[in-house]
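1 is the number of the first residue of the sequence shown in UniProt numbering; add one for each residue after it.
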Amino acid sequence: MDKEIKDPEGILKVITALFGKLPAYIVNSEKEYPVKIIALKNKALIINTNLKFPNRDRILTVVHNGSKFLAHFLVAGGDGNGIEILTPVKIQITAASRQGSRVEASQIQTGMVVSNIINVNDVSKAIGFDDKKVDAILLAYRTKLAKAFPLSSIFFAGRMDNRLRLMHHYDKDIFIVDRKEKSTASADFFPFDEYLRIFDNSKIPDSYSSEICVPIKYKGYVHLGYVQVLAEKPLDLEIYKQIQTFANAVSRDIISTGVFQESRDICQVMDLSMGGISFIHAPSRSFSRSVTLNGTILFDLNLEEGKRVTIRGIIKNIRNQETNFRVGCQFYNLTEKDIEILGEFLDAGKTAEGENAESENPQEPNSEPDMEENSTMVREADTPGDPFGETMDSEFPTEEPTQES
Numbered sequence: 001m002d003k004e005i006k007d008p009e010g011i012l013k014v015i016t017a018l019f020g021k022l023p024a025y026i027v028n029s030e031k032e033y034p035v036k037i038i039a040l041k042n043k044a045l046i047i048n049t050n051l052k053f054p055n056r057d058r059i060l061t062v063v064h065n066g067s068k069f070l071a072h073f074l075v076a077g078g079d080g081n082g083i084e085i086l087t088p089v090k091i092q093i094t095a096a097s098r099q100g101s102r103v104e105a106s107q108i109q110t111g112m113v114v115s116n117i118i119n120v121n122d123v124s125k126a127i128g129f130d131d132k133k134v135d136a137i138l139l140a141y142r143t144k145l146a147k148a149f150p151l152s153s154i155f156f157a158g159r160m161d162n163r164l165r166l167m168h169h170y171d172k173d174i175f176i177v178d179r180k181e182k183s184t185a186s187a188d189f190f191p192f193d194e195y196l197r198i199f200d201n202s203k204i205p206d207s208y209s210s211e212i213c214v215p216i217k218y219k220g221y222v223h224l225g226y227v228q229v230l231a232e233k234p235l236d237l238e239i240y241k242q243i244q245t246f247a248n249a250v251s252r253d254i255i256s257t258g259v260f261q262e263s264r265d266i267c268q269v270m271d272l273s274m275g276g277i278s279f280i281h282a283p284s285r286s287f288s289r290s291v292t293l294n295g296t297i298l299f300d301l302n303l304e305e306g307k308r309v310t311i312r313g314i315i316k317n318i319r320n321q322e323t324n325f326r327v328g329c330q331f332y333n334l335t336e337k338d339i340e341i342l343g344e345f346l347d348a349g350k351t352a353e354g355e356n357a358e359s360e361n362p363q364e365p366n367s368e369p370d371m372e373e374n375s376t377m378v379r380e381a382d383t384p385g386d387p388f389g390e391t392m393d394s395e396f397p398t399e400e401p402t403q404e405s
């Protein structure tokens, strides 16, 4: 099944169709880590990663329709702080296989369940309608914010504006201490040069030199809006933390209104790994609305009492099991906090499994399910619009790629 694509047009077609629309990973020290795809511009892929590499070679992978695509790139430039511009060299296609071990529910003395399922598209649709409860919350928070910071605003809408879209692409908050002093910028926040382009296209008076802008997110994943504070004098890190807390409070109170129609079904987990999950779902009304093949969903995964993570995943298979459905889901760019909690839980489960294996002396390892049964198409983007449809002009330093073996 192994194939190789070296034709520039063929490579570009694959990258456009899959990368940015499916969970992507980057290879480092023979391991794969989630990577943020920012944009496709001028036939180059722009990514964000905090990993360090010994050379300019990069390999990014995605899995689709039972095949694994390994795209080989060379670094053509970047900002030196994790943003890299990659030019494609070739793409290898191999058969996909499950990576990493999984833990079955029967192997752990705990009741793992999935709850509060919602389709990502329904999250965006929910805030596109007028809701008196939501309007009242936003009014209260805007009034409170204005008392502390006279030049402030809360943007909240079903469609992203340019500022929110770019914060989503880079997955970083805006914290500009002094727009006229680049030395004050931090790599932990939105790129300084990219911010200058936003400012030049905005209607903000030139007298304001400092800005903090923190996204309002649905459970840490879907961008709903942002809290913005401007000032003529430099804003400090303590104020940034206050705005961050403020944005989280706005999100929490809006979710509590029930405007987002999360499923009330409680679904039993069948197996779990760092890459995905399968669970049993009854054929309810919420199932037909939220659970669709190749759709992106959000849900709460209750690992054990007092331990819960919020998961974003793509539905890879739906199997009819007489009275219920078994749903297979691939995780998609989880937050660092959720990855850490999930990893600790699975490590504990594998330790317990190993102890049981020694006592029972099993003869055969667990069988692995098919990677992507019934998957026939690339999913739609998890945010309104194609992630490659509205890209920014890149002005990061570039260098001519050299021929390397």
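Glycine included, C-beta positions come from ideal geometry on N, C-alpha and C.
Check	Outcome
So what does DSSP say about N119, is it helix, strand or coil?	strand
Less than 8 Å between the CB atoms is what I'm expecting for Y141 and V250, so what's the real figure, rounded?	5 Å
Span of the beta strand (DSSP E) holding Y195?	Not the beta strand (DSSP E): Y195 falls in the alpha helix (DSSP H), residues 192-200.
Please report the straight-line C-alpha distance between R159 and G225, rounded to a whole angstrom.	9 Å
Since V113 and L298 should fall inside the 8 Å C-beta cutoff, what is the C-beta to C-beta distance between them, to a whole number of angstroms?	Rounded, the Cβ-Cβ distance is 15 Å, inconsistent with contact.
Would you kindly report the start and end of the unbroken alpha helix (DSSP H) that includes M160?	That residue, M160, is in no alpha helix (DSSP H); it is neither H nor E in DSSP.
In the DSSP assignment, what are the bridge partners of R308?	N302
Between which residues of its own chain and I5 is the CB-CB distance below 7 Å, once the five residues before and five after are set aside?	I11, V14, K90, I91
Looking at F331 and G303, is the spacing between their C-beta atoms short of 8 Å?	It is worth fixing the name first, because residue 303 is Leu in this sequence and not Gly. No. Outside cutoff.
Give the secondary structure of D347 by DSSP, where H, G and I count as helix, E and B as strand, and everything else as coil.	helix
Note down, in chain order, each residue of its chain lying with its Cβ closer than 6 Å to the Cβ of I204, except the 5 sequence neighbours on either side.	none
Only counting runs of 3 or more residues, tell me where the beta strand (DSSP E) segments fall wholly within the segment 211-255, in order along the chain.	222-231
Name the DSSP beta bridge partners of P34, please?	Y25
With H, G and I counted as helix, E and B as strand and the rest as coil, what does DSSP make of T296?	strand
With a cut-off of 8 Å on the beta carbons, I'd call V27 and I59 a contact; round off their distance for me.	4 Å
Compare the beta carbon distance of F73 and P88 with 8 Å and say whether it is the shorter of the two.	yes
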